[in-house]
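Numbering (our numbering), first residue to last: 41 to 131.
Take a look at the structure set out below.
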């Protein structure tokens with residue numbers, strides 16, 4: 041039996057690090073925070089389990105409040121602006 045390789049955390053998140061702006065059919069989003077603690081991510085996403093979560097803001101909406109997403113990076117997403125700094129995990 042063949043197993044399907046599980047995508048890495050980096051593959052799922054893609055280039056969406058804090059400061060990055062990405063776009064897809066749902067809007068254009070600035071990444072405000074990346075949460076990689078599974079317990080915190082699951083709680084923010086209101087799920088039983090999660091590996092990570094992003095807090096984003098839709099830059100196309102002047103009244104856009106930050107919100108949490110947990111969708112993986114796909115070929116329909118594209119980077120508008122790269123993150124300003126590299127992600128460094130908290131100690």
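Idealized CB from N, CA, C, for every residue including glycine.
Open item on the list: So if DSSP puts residue 64 in a beta bridge, which residue, or which two residues, is it bridged to?
Closed with: 67
TODO: Compute the beta-carbon to beta-carbon distance between residue 68 and residue 100, rounded to the nearest angstrom, for a pair I have assumed lies under 8 Å.
DONE: 5 Å
Task: Limits of the alpha helix (DSSP H) - the one that residue 53 falls within - done: 49-53
Task: Backbone CA spacing between residue 131 and residue 56 [nearest angstrom] - done: Annotation note: pLDDT 46 at residue 131 (below 50); position unreliable, coordinate value reported separately. If you take the alpha carbons of residue 131 and residue 56, they lie about 21 Å apart.
TODO: Go ahead and label residue 71 buried or exposed: buried means 16 or more other beta carbons lie within 10 angstroms of its beta carbon, across all protein chains shown.
DONE: buried
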